[in-house]
């Protein structure tokens, strides 16, 4: 899967499932601050990634995830 496809699919479920405005979805956006995800949203995020990409994420996977770009990279690393 290409990086562009990962970004597109991720942005789609963030917009649809988390009701995040498209203009906020910049790679440098902070997941907690700019996008406004809280700890419960991260649980839903894990479920969304599993259903959209077929990969499992655990809490430790998010240790170094701060920005949306970090999140894209995490998904890509799980797919490789």
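In our numbering, the protein residues as written are 7 to 86.
C-beta: ideal position from N, C-alpha, C; glycine also.
* Asked: From residue 40 to residue 7, what does the alpha carbon distance come to, in whole angstroms?
  -> 27 Å
* Tell me the start and end of each unbroken alpha helix (DSSP H) in the region 13 to 51 that is at least 4 residues and wholly inside, in chain order. => none
* Take residue 19 as the anchor and find which of 71, 48, 54 and 74 has the nearest alpha-carbon. => 54
* Distance, residue 67 Cα to residue 61 Cα -> Using only the alpha carbons, I get a separation of about 12 Å.
* What are the boundary residues of the alpha helix (DSSP H) that residue 84 is part of? -> 74 to 85
* Can you tell me which of the three DSSP states residue 8 falls into? => coil
* **Cβ neighbour criterion (16 or more within 10 Å) applied to residue 16** => buried
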